[in-house]
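Everything on this sheet refers to the single structure shown next.
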Amino acid sequence: MKLEIFENKRVAKDTFSLKIDNPALFDASPGQFFMVKINDFDYPLLRRPFSIADFNDRHIEIIYKVVGEGTKILASKQKGEFLDLLGPLGNGFGDIEKNRRIFLVGGGIGAAPLIYLSNVLENMYGVNYKAYFGFNTKDEVYVDFGKTATMDGSLGYAGNVVDMVEPELDENSLVLACGPTLMLKRLAYVCYQKKCDMKVSLESRMACGIGVCLGCVVETIDKDFKRVCVEGPVFDYREIEWQTL
Amino acid sequence: MKLEIFENKRVAKDTFSLKIDNPALFDASPGQFFMVKINDFDYPLLRRPFSIADFNDRHIEIIYKVVGEGTKILASKQKGEFLDLLGPLGNGFGDIEKNRRIFLVGGGIGAAPLIYLSNVLENMYGVNYKAYFGFNTKDEVYVDFGKTATMDGSLGYAGNVVDMVEPELDENSLVLACGPTLMLKRLAYVCYQKKCDMKVSLESRMACGIGVCLGCVVETIDKDFKRVCVEGPVFDYREIEWQTL
Amino acid sequence: MANSVNLTVKLGSLIFKNPVLTASGTFGYAAEYKKYMDLNALGGFVVKGLSVKPKKGNKPPRIVETPCGMLNAIGLQNVGIDRFIKEKLPLLEDVDAHIIANIYGTKADEFVELADKLEHIGRVSALEVNVSCPNVSKGGALFGKNPNDVFSLTSSVKKHTSKPVIVKLTPNVDDVAAIATAACDGGADAVSLINTITGMVIDTKTKKPFLANRTGGLSGPAIYPVGVRMVYEVYEKIKVPIIGVGGIYNSDIALQYLMAGAALIEIGTANFTNPNITVEIIKGIKEFLEGENIKSVGDIVGIAHNA
Amino acid sequence: MANSVNLTVKLGSLIFKNPVLTASGTFGYAAEYKKYMDLNALGGFVVKGLSVKPKKGNKPPRIVETPCGMLNAIGLQNVGIDRFIKEKLPLLEDVDAHIIANIYGTKADEFVELADKLEHIGRVSALEVNVSCPNVSKGGALFGKNPNDVFSLTSSVKKHTSKPVIVKLTPNVDDVAAIATAACDGGADAVSLINTITGMVIDTKTKKPFLANRTGGLSGPAIYPVGVRMVYEVYEKIKVPIIGVGGIYNSDIALQYLMAGAALIEIGTANFTNPNITVEIIKGIKEFLEGENIKSVGDIVGIAHNA
Ligand SMILES: Cc1cc2nc3c(=O)[nH]c(=O)nc-3n(C[C@H](O)[C@H](O)[C@H](O)COP(=O)(O)OP(=O)(O)OC[C@H]3O[C@@H](n4cnc5c(N)ncnc54)[C@H](O)[C@@H]3O)c2cc1C
Ligand SMILES: Cc1cc2nc3c(=O)[nH]c(=O)nc-3n(C[C@H](O)[C@H](O)[C@H](O)COP(=O)(O)OP(=O)(O)OC[C@H]3O[C@@H](n4cnc5c(N)ncnc54)[C@H](O)[C@@H]3O)c2cc1C
Ligand SMILES: Cc1cc2nc3c(=O)[nH]c(=O)nc-3n(C[C@H](O)[C@H](O)[C@H](O)COP(=O)(O)O)c2cc1C
Ligand SMILES: Cc1cc2nc3c(=O)[nH]c(=O)nc-3n(C[C@H](O)[C@H](O)[C@H](O)COP(=O)(O)O)c2cc1C
Ligand code: FES
Ligand code: FES
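Chains as they are written, first to last, in the numbering used here: chain A, 1 to 245; chain B, 1001 to 1245; chain C, 2001 to 2307; chain D, 3001 to 3307.
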């Protein structure tokens, strides 16, 4: 599906917000993602997966960080150019039980899907939540709500976002998280200790994004493999064999 | 050498004029060419050779036709982007004997280097020449001087440019030609019959453009191979083993 | 112009409505693609490699991108032959295209068992025997690298099936035509080539091979010149039809395979980037033939050998 | 930080100031590059393959682009050993980098003759024996595909030279480690791999193979995962240094080869796109080592095997 770029602008250090015209042909839930073709020729070969950072009648928003060749090329795309998107794909965060103490916890570029999630929680479900975002430094921050932690202390809480949110969690909490694997691992350990629930969006190398290549699997506690692109990217943290990550 | 694009605009059917800021670091003779890197990543792999269509203090001009993937991508480049050029390369048309009846004969996109050649003949050498350009149809014409032939008769002489120029040629003529191989072959035959001289700019697949890969050779009458990128692209037509082309 | 071009291809008793199939491991069990394209448009599809028992596959990471290609080391994860027959095949009931079962094992017995289990499954039109797997009885060297192994494996499978047997060859050999000849001597009704080329990517950050399995199979456009060359070589040596596979990303590359000698082609990695690519390639082949006024796709098969 | 990283590499009695060489056939006779870069920056260069007599090479077209790669069928056009010594070597008088002569023949005798002619040419530091050429005495099969041929060819050359002998291996084989072992048994001081992978492109307009020679050798980034894998495989089997070559386009790929087990690397096709690429890769390797606080490039050679 070729869609027109409405805006592609830098919003933080190495971080861009890409707004694409929404053809209003489909719905999308928070936590779902698109497979984006970077060029209209065969290089780079594979599509890149990006979460939905916002989704409304007019635009699909993706917030991405320039980390390699594909995202570097993406950052050079201009308004009016077309991008080929496949999606929305994956399961998303699914239904949220309202009577829980909801915490959104994002790390770095992993905060992106939580922005759309927060909008849906507020506007569609009308539920309360608290949001905690962790970054390395102030320059990297691109969210304008919730509490912020920075590793270097340049903004908000000084240190790791997991440490910041930990005291708040209890058995009645539901954590909805996305971020670097190491952060999620630590968070999973905290949730396990606090006996709280967590749904977590995982990353994995993907070739197809639609469940056929079996490239994107993660190991689950029953020693099976699940496809991040179809059975995920959002998993109950209890399903995941965290040591393998 | 990364140089900024000043202008990249369509000038005829599938034909574009690309003007690049001239850093004024070197000279270039008519018939020489540049190896242009299409993207700043490794696809397409090889540089593309393009003749110099004009060269002045401010700009280097290339006129190119969209024929494949590389030229298609090139056509999408915008003012302000940078292009990596290697060159000028090749021998060029070299010194021109003034006391000859000079004919520039170009076919299709092969007319491009003759534009720069005509400027140099006029402004530097102050010699007279006649120019004949052949195209398939009127839509393809991008030159605004000389006589034009079109195969479909939509502009100027109806038919092949070789037929148009043939009656004009004699022993005192010097033809300077560039165009599709078939046209050049016919022209070589005509020149041979008329006993006139011809310098001809040839095309060949190139990998390096600087004489090291030995990929671009043409067969010469002494059953040797010559590199189009170094010993050419301009050859005395008598050197070439035309049957092999 | 409609219907002016004959795209059908015969392989033994089978008739394919066009030469375009999908390659094993890149199209799941086919039903997954219903959302994205019209499965009926295809000549057929080769399903993910099937083993006697379900197979979990390799640990991740299993894939990594390379210049115009990718490495995969899925480790042949699959649901096993029984679940395939019970759960996956019924999803394709309504699809009008040939289903080819790609089978593999680590001993000849396993291949035979798979052939037996599929013998009376009418929905499966043919077997594609993947010989790029380690032969445990021979210390783990690939079946597909040794002409004798390929010969005996093919004859064993032939004895247990009435369906056409296609032997899928590995490119990681000295002389692919010798292996193809061995397959034909063993009774193969067709050969398909190429499977992936073994490669490795090292993650310079961790200083380790990127894939958990260390090596993986290179696929994608990067390898197409190798596939075309091998099809060309094999075409000169064998009589049975060749199925060309490897890096087919557009109809020009598809046509190159046909001209080199492939009667049918399989599209693999390209399905990942563009789930509709097979349909586009069929269209491209048709338009090419129309433009050249060629009546039947069979007329260009192997035509590059006339040069 | 200057001088903090040791980039030197030893190969027998030779010391290379850094591990970066240029690959045969992609750098002419080296003098051509003087205009574009500082030849002294290199560890060394391997010149275009040399034969006893001058060789005209194949008819054009000789090259064609492929996805992230190219095919070439130059046909080993070269000026011949005598003119090389008389005309080309003097142009490199002032260059402070090793010159390696790549030699090839169609019979063992020719290789020996070349070794003899180079024996007293002090400017040539080592010989690289290209075994990817047809052995006329054996019906045209490549020397490089047969371990016995490689063994006896290597030992013959060794007997006629005191210079280090590098045997350059072809990737178009079942088991490259077996060939590498044969070269070592024959006395090779090093092996280099990989040469190009045989491929074909068909021009669908003319319906003929694009190259006049029909097949050509695939090089460029497309093939790097195959080269890295082969270096990794060979490293586990032999003791002598490996020179890694194939698709090295940037310092990350260069580092992958080193980590896979290459002590030195050769840059080929990349020189065509960027004549200064070797210098950039040397810089990239140095920066990587500095960033990781690694004292000597030797410390990462083969490090991926520790995983
Ligand atoms: C479900 C999902 C959602 C994601 N959402 C976002 C998002 O909203 N914003 C964002 O910036 N990033 C997101 N990512 C990560 C993003 O896909 C990678 O950063 C991106 O693919 C890197 O591409 P590259 O070409 O710049 O990097 P390169 O390293 O050059 O890419 C090489 C290959 O590795 C893959 N790859 C590299 N890093 C990752 C990674 N972290 N995860 C998965 N594949 C990777 C690429 O897709 C490509 O195939 C998401 C990943 C997944 C799986
Ligand atoms: C000395 C010289 C001067 C040239 N000057 C001009 C010019 O001024 N204007 C212009 O439009 N064209 C010129 N050409 C032709 C131009 O180089 C090709 O049209 C261009 O490379 C096609 O690239 P592509 O990626 O669009 O085509 P593709 O067919 O996708 O290219 C595939 C490969 O083939 C090569 N190739 C394709 N066609 C040609 C060709 N005709 N000649 C040489 N290589 C080719 C490409 O460089 C590339 O390596 C010149 C060629 C040479 C050798
Ligand atoms: C992810 C993946 C999984 C594959 N699984 C199989 C398989 O199970 N059996 C098989 O014979 N080939 C398998 N292959 C090989 C393909 O069928 C095909 O031969 C190869 O990828 C080359 O074609 P391509 O370049 O079009 O992908 C697989 C390839 C990929 C990329
Ligand atoms: C145009 C060209 C000519 C080559 N000529 C030779 C040669 O004469 N001798 C040789 O051993 N290898 C030759 N090679 C192979 C290269 O040295 C190298 O092994 C191969 O290209 C893979 O490396 P690359 O991908 O970096 O180019 C040639 C390669 C190319 C592209
Ligand atoms: S990316 Fe292919 S199965 Fe998930
Ligand atoms: S293009 Fe390499 S020698 Fe001419």
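C-beta atoms are modelled at their ideal positions from N, C-alpha and C, and glycine is treated no differently.
Residue i, DSSP secondary structure in three states
{"i": "Phe93 of chain A", "result": "coil"}
{"i": "Arg48 of chain A", "result": "strand"}
{"i": "Leu155 of chain A", "result": "coil"}
{"i": "Glu1171 of chain B", "result": "coil"}
{"i": "His59 of chain A", "result": "strand"}
{"i": "Lys2295 of chain C", "result": "coil"}
{"i": "Ser2137 of chain C", "result": "helix"}
{"i": "Met2001 of chain C", "result": "Residue placement at Met2001 of chain C is poorly supported in this model, since its pLDDT is 44, which falls under 50; the coordinates still yield a value, given next. Here Met2001 of chain C sits in coil by DSSP."}
{"i": "Pro3209 of chain D", "result": "strand"}
{"i": "Lys1002 of chain B", "result": "strand"}
{"i": "Asp1084 of chain B", "result": "strand"}
{"i": "Ala1149 of chain B", "result": "strand"}
Heavy atom of ligand 1 within 7 angstroms of residue i beta-carbon
{"i": "Pro113 of chain A", "result": "yes"}
{"i": "Tyr1189 of chain B", "result": "no"}
{"i": "Val120 of chain A", "result": "no"}
Classification of residue i by the beta-carbon crowding that lies within 10 angstroms, buried from 16 upward
{"i": "Arg3229 of chain D", "result": "buried"}
{"i": "Ala2307 of chain C", "result": "exposed"}
{"i": "Pro3275 of chain D", "result": "buried"}
{"i": "Pro3090 of chain D", "result": "exposed"}
{"i": "Met252 of chain A", "result": "One cannot answer for residue 252 of chain A here, as it falls past the ends of chain A, which runs 1 to 245."}
{"i": "Lys2259 of chain C", "result": "First, the residue type needs correcting, since residue 2259 of chain C is Met and not Lys in the sequence shown. Buried, because 16 or more other Cβ atoms sit within 10 Å of the Cβ of Met2259 of chain C."}
{"i": "Ala131 of chain A", "result": "buried"}
{"i": "Phe2016 of chain C", "result": "buried"}
For residue j and residue i, believed in contact at Cβ under 8 angstroms, the rounded distance
{"i": "Gln2077 of chain C", "j": "Leu245 of chain A", "result": "Not quite, the Cβ-Cβ distance comes to about 19 angstroms (not below 8 angstroms), so this is no contact."}
{"i": "Ala1112 of chain B", "j": "Ser1154 of chain B", "result": "Rounded, the Cβ-Cβ distance is 21 angstroms, inconsistent with contact."}
{"i": "Asn22 of chain A", "j": "Asn56 of chain A", "result": "7 angstroms"}
{"i": "Glu3065 of chain D", "j": "Leu1104 of chain B", "result": "Contact doesn't hold; Cβ gap of about 31 angstroms is too wide."}
Residue i CB to nearest heavy atom of ligand 4 below 7 angstroms
{"i": "Gly3025 of chain D", "result": "yes"}
{"i": "Ala3101 of chain D", "result": "no"}
{"i": "Lys3048 of chain D", "result": "yes"}
{"i": "Val3245 of chain D", "result": "yes"}
{"i": "Ile102 of chain A", "result": "no"}
heavy atom of ligand 5 below 7 angstroms from residue i C-beta
{"i": "Leu85 of chain A", "result": "no"}
Closer than 7 angstroms: residue i CB and nearest ligand 2 heavy atom
{"i": "Thr1071 of chain B", "result": "yes"}
{"i": "Arg3062 of chain D", "result": "no"}
{"i": "Tyr2249 of chain C", "result": "no"}
Near ligand 3: residue i beta-carbon under 7 angstroms from a heavy atom
{"i": "Lys2168 of chain C", "result": "yes"}
Contacts that residue i makes with chain G (C-beta to C-beta distance below 7 angstroms)
{"i": "Phe2143 of chain C", "result": "You won't find chain G in this structure, because its protein chains are A, B, C and D."}
Cβ-heavy atom distance, residue i to ligand 6, below 7 angstroms
{"i": "Leu1206 of chain B", "result": "Per the sequence presented here, residue 1206 of chain B reads as Met, with Leu not at that position. Met1206 of chain B Cβ: within cutoff of ligand 6."}
{"i": "Leu1214 of chain B", "result": "yes"}
Discussion item. At a CB distance below 9 angstroms, what residues from the stretch 1182 to 1214 of chain B approach chain D? Give them in sequence order.
Written reply: Ser1204, Arg1205, Met1206, Ala1207, Cys1208, Gly1209, Ile1210, Gly1211, Val1212, Cys1213 and Leu1214
Worksheet item: Going along the stretch 3069 to 3083 of chain D in order, which residues come within less than 8 angstroms of chain B, judged by CB to CB distance?
Response: Gly3069, Met3070, Asn3072, Ile3074 and Gln3077
Worksheet item: Quick one, which residues of the stretch 2025 to 2041 of chain C are near chain A if we go by CB-CB under 7 angstroms, in chain order?
Response: Thr2026, Phe2027, Gly2028 and Glu2032
Item to complete: Quick one: which residues of the stretch 52 to 83 of chain A get their C-beta closer than 9 angstroms to a C-beta of chain B? List them in chain order.
Response: Glu69, Lys72, Ile73, Ser76, Gln78 and Glu81
Worksheet item: Can you list, in chain order, the residues of the stretch 29 to 50 of chain A whose Cβ is nearer than 7 angstroms to any Cβ on chain B?
Response: Phe41 and Tyr43
Practice prompt. Can you give me, in chain order, the residues of the stretch 3193 to 3224 of chain D that have a beta carbon less than 7 angstroms from any beta carbon in chain B?
Written response: Gly3220 and Pro3221
Worksheet item: According to a CB-to-CB cut-off of less than 9 angstroms, which residues of the stretch 16 to 28 of chain A neighbour chain C?
Response: none
Worksheet entry | Residues of the stretch 2055 to 2068 of chain C whose Cβ lies closer than 8 angstroms to any Cβ of chain D, in chain order | Thr2066, Pro2067 and Cys2068
Practice prompt. Report the residues of the stretch 3150 to 3168 of chain D with a CB closer than 7 angstroms to any CB of chain C, ordered along the chain.
Written response: none
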